[in-house]
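Asks: All residue numbers for the sequence shown refer to this note's numbering, where the first residue is 321 and numbers rise by one. No residue lacks a Cβ here, since even glycine has one placed at the ideal position from N, Cα and C.
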Amino acid sequence: MKNLQFTLTGSLPLKGLFFTLLLCCSGLPCLAQNFNITVSKATGDLNKDGIEDLVTVRQDSVHDKGPYRIQVLFGLEGGGYKPVVSSDQLIEPQYPDGRDGYRTGNGFDGVEIKKGILIVSNSLLRGHYEYKFRYQNGNFELIGYTYASSDGIGKIYSEDFNLSTGERFYKEELYETGEISRNEKTKDLIRPLPKLQDIIPFENGWQ
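Next up, the structure:
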């Protein structure tokens with residue numbers, strides 16, 4: 321760690337200055353922890369204890385890339401919530417190359433809970449994809465992945481991957497006529513199942 325020399329001037333509180341220096345000197349980007357806007361949330365029973373749980377997605381509106389943080393909190397019997405898992409990489413940043421950089425057209429749509437399954441939905445320039453997680457084995461494991469997109473010149477591509485069974489369906493069709501040019505089923509068994517906190521969109525070997 322480099323030695324720092326500084327002079328205290330004005331009326332800046334020492335406690336605040338110490339905290340800022342601690343963040344910067346530890347190598348953490350000082351603006352990276354400002355997840356100050358809630359962009360989506362969902363409630364439902366995720367761990368089958370009969371108590372409503374909470375999932376939130378917050379965005380850092382200060383950081384140049386506009387990253388998102390998803391957090392899962394289990395409801396407590398006496399009220400309140402207990403944080404269980406979070407990830408700053410499951411959802412693509414709004415500006416992957418910075419606010420003045422290249423725009424991919426991808427975006428975050430929202431989260432929802434259906435029948436105990438956590439669903440994270442995202443949009444593409446000409447399509448969408450989503451992840452489905454179930455709480456099992458002490459983790460939120462990926463049990464489903466769907467993807468659909470268009471090439472912009474007449475063809476639609478879709479994929480439905482059930483990671484629990486390993487069954488993977490691919491389809492290609494012409495959207496003007498509905499003619500199916502590919503309809504394929506494969507078996508791709510991934511073990512252990514990917515965990516919510518480990519997934520990075522389109523940087524996984526199975527996606």
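Here's a check: name, in chain order, each residue in its chain whose Cβ is nearer than 7 Å to the Cβ of Asn459, leaving out the five neighbours to either side.
Replies: Lys515
Asks: Give the range of the beta strand (DSSP E) segment to which Ser443 is assigned.
Replies: Ile437 to Leu444
Asks: Spell out the partners DSSP gives His448 in its beta bridges.
Replies: Ser443 and Ala468
Asks: Is it the case that the Cβ atoms of Asp373 and Thr358 are separated by a distance below 8 Å?
Replies: Going by C-beta atoms, Asp373 is not nearer than 8 Å to Thr358.
Asks: Pair every Cβ in the segment 468-486 with every Cβ in the segment 413-428, then say whether three or more of these pairs are closer than 8 Å.
Replies: Touching, no.
Asks: Using the three-state DSSP reduction, which class does Leu393 fall into: helix, strand or coil?
Replies: strand
Asks: Gln517 by DSSP, collapsed to three states: which one?
Replies: helix
Asks: Beta-carbon within less than 8 Å of Tyr401's beta-carbon, same chain only, minus the 5 sequence neighbours each way: which residues are those?
Replies: Asp373, Leu374, Leu393, Phe394 and Gly395
Asks: Rank Gly447, Asp471, Asp480 and Glu499 by C-alpha distance to the C-alpha of Phe463 and give the top, closest one.
Replies: Reading the sequence as shown, one finds Ile at residue 463 and not Phe. For the residues Gly447, Asp471, Asp480 and Glu499, the minimum Cα distance to Ile463 belongs to Asp480.
Asks: Grab me the residues of Thr376's own chain with a C-beta within less than 7 Å of its C-beta, minus the 5 sequence neighbours each way, in chain order.
Replies: Thr358, Lys361 and Gln391
Asks: Which class does Gln409 belong to by DSSP, given the choice of helix, strand or coil?
Replies: Gln409: coil per DSSP, three-state reduction.
Asks: From Thr506 to Gly398, what distance separates their C-alpha atoms?
Replies: Answer to the nearest angstrom: the Cα atoms are 47 Å apart.
Asks: Thinking Asp365 and Gly436 are a contact (beta carbons under 8 Å), I'd like their distance in whole angstroms, please.
Replies: 6 Å
Asks: By a C-beta neighbour count over all protein chains shown, 10 Å radius and 16 as the cutoff for buried, is Ile520 buried or exposed?
Replies: exposed
Asks: Could you please give me the residues that DSSP links to Gln456 through a beta bridge?
Replies: Asn459
Asks: For the beta strand (DSSP E) that contains Lys475, what are its first and last residues?
Replies: Lys475 to Asn482
Asks: Does Glu487 come out as helix, strand or coil in the three-state DSSP assignment?
Replies: Strand at Glu487.
Asks: To the nearest angstrom, how far is the alpha carbon of Gly474 from that of Gln409?
Replies: 32 Å
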